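Colleague: Numbering (this note's numbering), first residue to last: 13 to 170. Glycine included, every Cβ here is placed at the ideal spot set by N, Cα and C. Since we're looking at a predicted model, the values are computed, not measured. Structure below; questions to follow.
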């Protein structure tokens, strides 16, 4: 069994070698020499080839720098135009100049209104109590004020 595997392996190697030679253009009867491609080596002088140096006065046709030359200025100009449009005062200003102040002050004003009403009621109670002379009886103070108003009306009628 080992001999059959070895034979199959040798046959496969021979087929692969034949395909490689056919691909490279080498005929079966020619000796199998590797083809040397001299990309970086000069066989006449037996030295390495140096890269061709491009003189400074020769301009390259397609360069990234040339493609990007005016791009930065163009982007900056477009950005400034967009900012000028966004910062237009009429676009920023609210329709009513003090709408935000009113919105912030509504809660505070509600507290103040309630306290103001309480203070007014307290002052009225104190005046009524002072007129009657009885600070404890609110109903009596109100009756006293009504009497005073009625007396004033009677005097006006005379």
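Just mark residue 29 as buried or exposed, buried being the case when its beta carbon has 16 or more other beta carbons within 10 Å.
Modeller: Counting Cβ neighbours within 10 Å, residue 29 comes out exposed, since fewer than 16 surround it.
Colleague: What does the alpha-carbon distance come out to for the pair residue 74 and residue 63?
Modeller: Using only the alpha carbons, I get a separation of about 20 angstroms.
Colleague: So what does DSSP say about residue 75, is it helix, strand or coil?
Modeller: Three-state result, residue 75: coil.
Colleague: Let's see if you can read the secondary structure: which residues bound the alpha helix (DSSP H) around residue 22?
Modeller: Where residue 22 is concerned, the enclosing alpha helix (DSSP H) stretches over 14-36.
Colleague: Given this structure, state the Cα-to-Cα distance separating residue 119 from residue 131, to the nearest angstrom.
Modeller: Computed Cα separation, rounded: 19 angstroms.
Colleague: Assign residue 135 to one of two classes, buried (16 or more other C-beta atoms within 10 Å of its C-beta) or exposed (fewer than that).
Modeller: Burial call: exposed.
Colleague: Given residue 139, which residues of its chain have a CB within under 7 angstroms of its CB, disregarding the five upstream and five downstream residues?
Modeller: For residue 139, where only same-chain residues beyond five positions count, there are no Cβ hits under 7 angstroms.
Colleague: Which value, in whole angstroms, describes the spacing of the CA atoms of residue 160 and residue 122?
Modeller: Rounded to whole angstroms, residue 160 to residue 122 spans 34 angstroms at the Cα level.
Colleague: Would you tell me roughly how many angstroms separate the C-alpha atoms of residue 143 and residue 137, rounded to the nearest one?
Modeller: Their backbone Cα atoms lie some 10 angstroms apart in a straight line.
Colleague: Could you tell me the distance, in whole angstroms, from the CA atom of residue 48 to the CA atom of residue 89?
Modeller: C-alpha separation (whole angstroms): 57 angstroms.
Colleague: In the DSSP assignment, what are the bridge partners of residue 59?
Modeller: Partner(s): 54.
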